[in-house]
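S.K.:
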Amino acid sequence: MNKTCLECGEKIVGREDKKFCSDGCRNSYNNKINKDSTNFMRNVNNKLRKNYRILCILNIEGKSKTTRAKLLSKGFDFEFFTNILNTKTGNTYYFIYDQGYLALENDYFMLVKKDI
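When the letters of the sequence shown are read in order and numbered with my numbering, they come out as residues 11 to 126.
#1: Taking only three categories from DSSP, how would you classify G110?
#2: Within the segment 60-95, note down every full alpha helix (DSSP H) run reaching 4 residues or more, in order along the chain.
#3: Tell me the DSSP bridge mates of M120?
#4: Tell me which same chain residues have a C-beta within less than 7 Å of the C-beta of L114, skipping the five on either side of it?
#5: For the candidate residues V23, G19, E26, F50, whose alpha-carbon lies nearest to that of Y39?
#6: Using a Cβ cut-off of 8 Å (strictly closer), state whether C31 contacts chain B.
#7: Report the CB separation of F90 from V54 in whole angstroms; it is logged as a contact under 8 Å.
#8: Roughly how many whole angstroms lie between the Cα atoms of T76 and Y107?
#9: From what residue to what residue does the alpha helix (DSSP H) around I43 run?
#10: Are the CB atoms of C31 and I43 within a distance shorter than 8 Å?
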């Protein structure tokens, strides 16, 4: 049975279940599949990644406090988050994946990490 590489079409030599002729072809193929399809998607994902990195840097302990000014100075964008958690006590937490924040009084924020 002659199999060909999914990326370049070259003949594959080796294991029976092999799909690519080389690591380069495998990487190229997977990069094409996983590429953000539009600039809008790429920009949103970049902002989410940036927000996530900022929260990780400021919240090393898993629970901490910071100010709006400190978040903004690092480039945090409050319009981009992945989900909202409304608690029974009426608090609203905004999360970027497992890193979240809760608005407190006087422009302070409680940073939390969700246990997964």
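By construction, the Cβ of each residue, glycine as well, lies at the ideal position given by its N, Cα and C atoms.
M.R.: Reading off the structure:
#1: In the three-state reduction of the DSSP assignment, G110 falls in the strand class, which pools E and B.
#2: Taken in chain order, the whole alpha helix (DSSP H) runs of length 4 or more contained in the segment 60-95 are 78-83.
#3: Looking at the DSSP output, M120 bridges to K75, L112.
#4: Around L114: M120.
#5: Nearest C-alpha to Y39: G19.
#6: No chain B appears in the structure shown, which is made up of a single protein chain.
#7: Correct: roughly 7 Å between the Cβ atoms.
#8: Their Cα atoms are separated by approximately 19 Å.
#9: Counting along the chain, the alpha helix (DSSP H) containing I43 begins and ends at 33-44.
#10: Using a Cβ distance threshold of 8 Å, I43 and C31 do not count as a contacting pair.
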